[in-house]
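Take a look at the structure set out below.
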Amino acid sequence: MFGKENAGLTHGEEAEVPISFGKPETGGNASPSYPTGNKSAPLDIQTSHQEIFSTSTSDKKYFSIDFVGKHNGMNPNIIPHPTLENTWIVAAQMVRGEDEQTVYFTELVCNAVFQGNVLRCLQSPNILPVVPTKGGKCEGDLAYFNFNVGPHDARVVYGPDTPYIIYGSNSQFTCFGQFIQDFRELIDWRGREAGSDRFLVGTEMQRPLPWNAIEKNWFPFWDPFGQMYIHYDVSPKRAFAQINADGSVGLDLSILTEANDAKCIAKYFPPVLNSLESIHQASNSLKITMCKRTDAICIANESNTFIFTIWQHKTFYNFHGVYEPYIMLFQEQAPFAMHAVSKKPLWIHGRKQQLDRDTSDMFYVTSIAWKRPGVTYHGYLDDELFIGFGIEDSESGAIDVTADELMSGLGLCAEA
Numbered sequence: 001m002f003g004k005e006n007a008g009l010t011h012g013e014e015a016e017v018p019i020s021f022g023k024p025e026t027g028g029n030a031s032p033s034y035p036t037g038n039k040s041a042p043l044d045i046q047t048s049h050q051e052i053f054s055t056s057t058s059d060k061k062y063f064s065i066d067f068v069g070k071h072n073g074m075n076p077n078i079i080p081h082p083t084l085e086n087t088w089i090v091a092a093q094m095v096r097g098e099d100e101q102t103v104y105f106t107e108l109v110c111n112a113v114f115q116g117n118v119l120r121c122l123q124s125p126n127i128l129p130v131v132p133t134k135g136g137k138c139e140g141d142l143a144y145f146n147f148n149v150g151p152h153d154a155r156v157v158y159g160p161d162t163p164y165i166i167y168g169s170n171s172q173f174t175c176f177g178q179f180i181q182d183f184r185e186l187i188d189w190r191g192r193e194a195g196s197d198r199f200l201v202g203t204e205m206q207r208p209l210p211w212n213a214i215e216k217n218w219f220p221f222w223d224p225f226g227q228m229y230i231h232y233d234v235s236p237k238r239a240f241a242q243i244n245a246d247g248s249v250g251l252d253l254s255i256l257t258e259a260n261d262a263k264c265i266a267k268y269f270p271p272v273l274n275s276l277e278s279i280h281q282a283s284n285s286l287k288i289t290m291c292k293r294t295d296a297i298c299i300a301n302e303s304n305t306f307i308f309t310i311w312q313h314k315t316f317y318n319f320h321g322v323y324e325p326y327i328m329l330f331q332e333q334a335p336f337a338m339h340a341v342s343k344k345p346l347w348i349h350g351r352k353q354q355l356d357r358d359t360s361d362m363f364y365v366t367s368i369a370w371k372r373p374g375v376t377y378h379g380y381l382d383d384e385l386f387i388g389f390g391i392e393d394s395e396s397g398a399i400d401v402t403a404d405e406l407m408s409g410l411g412l413c414a415e416a
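Going by the UniProt record's numbering, the first residue of the sequence shown is number 1, and it counts up by one from there.
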C-alpha cells in the first residue's frame, strides 16, 4: 500500500526497512513455546498459544468492525462513548487502495453499536481534524517521509480522567515522531470541563537519547498520583520517562529496574533469531487490580495493582508478516519494575492458519480499552475489555474478553 511514493509503510513492508535504525534487536534465551519460523505443519494452538474467546459473539470468535461508508479503516481503537448508552467511539486509519498513491493520511472516527456479531458505525465516519506537522529531517532511504501529511497509526486511549490520541507525524527532532493531544478537542465530546487541561493542541513528545529515525507505538502510563510517563521501548530493553506539559521529558528511569527486568525478559521473551524477526510495543496501557470488583474483600493496593500493555513478536517469513501478541505487567509505582509476562502468545479465536502458504492471518494488535462506560483506566479481573487489531493491513477487528481470562497465562518475573 505504501511504496516510496507514499510516506508510510504497511506492517508487512516494515520488515524490509531497518526498524531499529542502528539499535541492536536481541531477545531472551527462553525455550520456544511459540512459532519461530516457516513451518509446514499446522500449529497445535492449545500447546503453542493461549487462545482467547469473545464474551459476546455467538461463535466466540472476534468481531469485525464495519465503517459503512466509502472507506474502510484499519488499526482500530474502541472506547466507550461518554454519554450514549451501548455506544462506542471507533477511530481507525483510513485504508487506501493499492492504486491510490498519495502522501495524505487520515484517521476516521464514528459512533458505533453492536448489530449481531459486528460493531457497526451508525453513519459514515468523519475525519479527525488532526493538524499536520512539518519536519524535513528524513534523509537517505527515508527522505520520502518528508512528504507525509497527516497522522499515522493513531492510538486513542483513556487515561485516569482524560482521553488522548497519540499519533505519528513529521518531527522537529528526528524523521518521524510521536504526538499527543486531548482527544476531546477533536470530536463532539460533552464534559470537556472535567479532566486534564494538558495537551489541548497536538504536542510532540520527546524521549531520552538516542532517537530512532522512525518513532512509533509509544504509550503513556500513570502512577497512583496521576503523573504521566511515556513508555518508549520494550526490547532489547525497556525505556520510559516522566513527561511534562510541553512534551519534554526527564531521564530514562528504566536504569533503576534494568537488572531485574533483564532476567524477566530472558525467561519469557522469545528470542529474535534473525533480521526477519523483531519485538516491539503495540498497544496502549491500562491499570488492573488482580482481584474481582464484585468481591467485597478486593481492595486495590500496590501489591495487587499493576499497569499492563501488549507487545508483539513480529516475523516476516514467506514474504508475509505475522505478529504474536504478549501481555506485560509492571508496577504502577516507581521504579515501575516488570511484574509478569505471558508464557505463551495470545491466539485470538477466529484467526486462521494459512497452511498452503506456511503462515497465518496477520492480526496486528493496536489497542486495549475497558468495555464498560465509566471505566476509564483502572479495571479489575471481572471487567471486560476490548482488544483491537488490524487484519492484513486492510480491515479492522476486535475481541471482548474478561481480564481474568487474559491474565490467566502469566509468568511471574519473581520466578525468573
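Every residue gets a Cβ at the ideal spot worked out from N, C-alpha and C, and that includes glycine. Since the structure is predicted, the reported quantities are computational estimates derived from the model, not experimental observations.
Residue i versus residue j - alpha carbon distance
i, j, result
"GLY168", "GLN50", "31 Å"
"SER396", "THR57", "16 Å"
"VAL95", "GLU107", "9 Å"
"TYR158", "SER360", "31 Å"
"SER54", "GLY195", "32 Å"
"ILE297", "ARG120", "39 Å"
"GLN227", "ILE243", "8 Å"
"LYS237", "GLY136", "29 Å"
"LEU122", "ASP252", "44 Å"
"ALA213", "LYS134", "15 Å"
"LEU406", "HIS378", "15 Å"
"ARG372", "VAL113", "13 Å"
"ILE187", "VAL401", "28 Å"
"TYR268", "SER285", "19 Å"
"ALA15", "SER124", "Its pLDDT being 41, under 50, ALA15 is placed unreliably by the model, and the measurement read from it follows with that caveat. Whole-angstrom Cα-Cα distance: 33 Å."
"LYS352", "LYS61", "11 Å"
Extent of the continuous beta strand (DSSP E) run through residue i
i, result
"TYR158", "152-158"
"ALA213", "Careful: ALA213 lies outside any beta strand (DSSP E) and carries neither H nor E."
"SER48", "Element bounds for SER48: not the beta strand (DSSP E) but the alpha helix (DSSP H), 45-48."
"LEU406", "Counting along the chain, LEU406 falls outside any beta strand (DSSP E), though it belongs to the alpha helix (DSSP H) covering 403-406."
"TYR232", "228-233"
"THR315", "305-317"
"ILE180", "176-182"
DSSP beta-bridge partners of residue i
i, result
"PHE340", "Contrary to the premise, residue 340 reads as Ala rather than Phe in this sequence. BP columns for ALA340 point to LEU329 and LEU412."
"ASN121", "Correcting the residue identity first, residue 121 is Cys in this sequence and not Asn. Bridge partners of CYS121: ALA112."
"ILE255", "DSSP, once it has assigned bridges, lists no residue as partnering ILE255."
First and last residue of the uninterrupted alpha helix (DSSP H) at residue i
i, result
"ASN260", "258-268"
Whole-number beta carbon distance between residue j and residue i, since they are thought to touch under 8 Å
i, j, result
"LYS344", "GLY409", "6 Å"
"ALA334", "ASP223", "7 Å"
"PHE336", "THR257", "7 Å"
"GLN281", "VAL234", "5 Å"
"ALA266", "ALA416", "7 Å"
Cβ neighbours of residue i in the same chain (closer than 6 Å, five flanking residues each side left out)
i, result
"GLY247", "THR203, GLU204, MET205 and GLN206"
"residue 417", "Residue 417 is absent from the structure shown; the chain starts at 1 and stops at 416."
"PHE145", "ALA7, CYS138, CYS175 and PHE176"
"SER64", "VAL118 and GLY397"
"PRO132", "VAL149 and GLY150"
"ASN126", "VAL109"
"ILE180", "TYR164, ILE166, PHE199, THR203 and MET205"
Residues near residue i by beta carbon distance below 8 Å, same chain, minus five either side
i, result
"ARG190", "PRO82 and THR83"
"residue 421", "The requested residue 421 does not occur in the structure, where the chain is confined to residues 1 to 416."
"ASN72", "MET94, VAL95, SER394, GLU395 and SER396"
"TYR104", "VAL149 and GLY150"
Close Cβ partners of residue i (< 7 Å) along its chain, the five nearest in sequence each way excluded
i, result
"ALA340", "LEU329, LEU410, GLY411, LEU412 and CYS413"
"CYS291", "CYS298, ASN304, TYR380 and LEU381"
"THR26", "For THR26, the predicted model reports a pLDDT of 36, less than 50, meaning its position is unreliable; a value from the coordinates is still stated below. Answer for THR26: PRO236 and VAL272, listed in chain order."
"PHE221", "TYR229, HIS231, SER285 and ILE307"
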